[in-house]
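Taking it in order: structure first as structure tokens, then the write-up.
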Amino acid sequence: MQHYLSRNVNIQNSVYLGRNALKISYTNDYQKLVDEDTNFIQGSGYVELPLTTFYQGTIDVDIAAERNGKRTKDPERAGAAGLAFRIQSNYDQYELVYLRTTNGPFNFPPPSIERLGRAVQYASPPEWTSNKLRNQYPGRFEAPAKIGQGRWNHVRIDVRNNTLTVYVDGHPASSIQTNLLGLDARGSLAYWVDAGTNAYFTNLKIIEA
Numbered sequence: 001m002q003h004y005l006s007r008n009v010n011i012q013n014s015v016y017l018g019r020n021a022l023k024i025s026y027t028n029d030y031q032k033l034v035d036e037d038t039n040f041i042q043g044s045g046y047v048e049l050p051l052t053t054f055y056q057g058t059i060d061v062d063i064a065a066e067r068n069g070k071r072t073k074d075p076e077r078a079g080a081a082g083l084a085f086r087i088q089s090n091y092d093q094y095e096l097v098y099l100r101t102t103n104g105p106f107n108f109p110p111p112s113i114e115r116l117g118r119a120v121q122y123a124s125p126p127e128w129t130s131n132k133l134r135n136q137y138p139g140r141f142e143a144p145a146k147i148g149q150g151r152w153n154h155v156r157i158d159v160r161n162n163t164l165t166v167y168v169d170g171h172p173a174s175s176i177q178t179n180l181l182g183l184d185a186r187g188s189l190a191y192w193v194d195a196g197t198n199a200y201f202t203n204l205k206i207i208e209a
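Numbering (the UniProt record's numbering), first residue to last: 1 to 209.
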């Protein structure tokens, strides 16, 4: 297996829905920490790609995710996966775009109308968590998307002049066309996963601008 730098996750080469992919999920210890800590807001479980950095340009990747049966207090966190980028040397500050696959319409039964509007999320931990952004800027940093758990979803992230645009399966998540909130600095890139989730990643392409 290629050498990856994992943080709070297990990694495994896998075949998922006919594609070779990297599977990641929380370690048992980290999952337990998230579940038991009542002050826990947003996890930092990811697989950093060594010798890979990003400042601006385009990132393309195919992502699939599903609940893995592990307990989590927030049902929207199960089935969530995405990309962290511009990760800084302390490993706690980064930009993040991810899919909440259980909030997409390709699920049965479908989620509530409120949750359908939260299928794609931007955050910038540790200061700008998804909950903080939702409370202070409702609807600005999240958007609906035609996604679902247990299927492949193509994600394209465009970063130009510190402005972010997200496309899912070729369609722009227009409400996430916004300025990045974290450090305006180059950093490493990683596959990111949330609690209670098995996430799969393949076909990563990075084009620097």
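By construction, the Cβ of each residue, glycine as well, lies at the ideal position given by its N, Cα and C atoms.
- Below 8 Å, too few C-beta pairs join the region 25-35 and the region 109-119 to call them touching: fewer than three.
- Burial is judged here by how many other beta carbons sit within 10 angstroms of a residue's own beta carbon; Arg7 has at least 16 and is buried.
- Collapsing the DSSP output to three states places Asp29 in a helix.
- The closest CA to that of Gly150, considering only Ala209, Phe108 and Gly57, is found on Phe108.
- At a Cβ-Cβ threshold of 8 Å, Ala123 and Asp194 do not count as neighbours.
- For the options Arg140, Pro172, Gly148 and Gln56, the alpha carbon positioned closest to that of Phe85 is the one of Gln56.
- Under DSSP, Thr163 forms a beta bridge with Arg160 and Asn179.
- Of the other Cβ atoms in all chains shown, 16 or more fall within 10 Å of the Cβ of Ile87; this residue is therefore buried.
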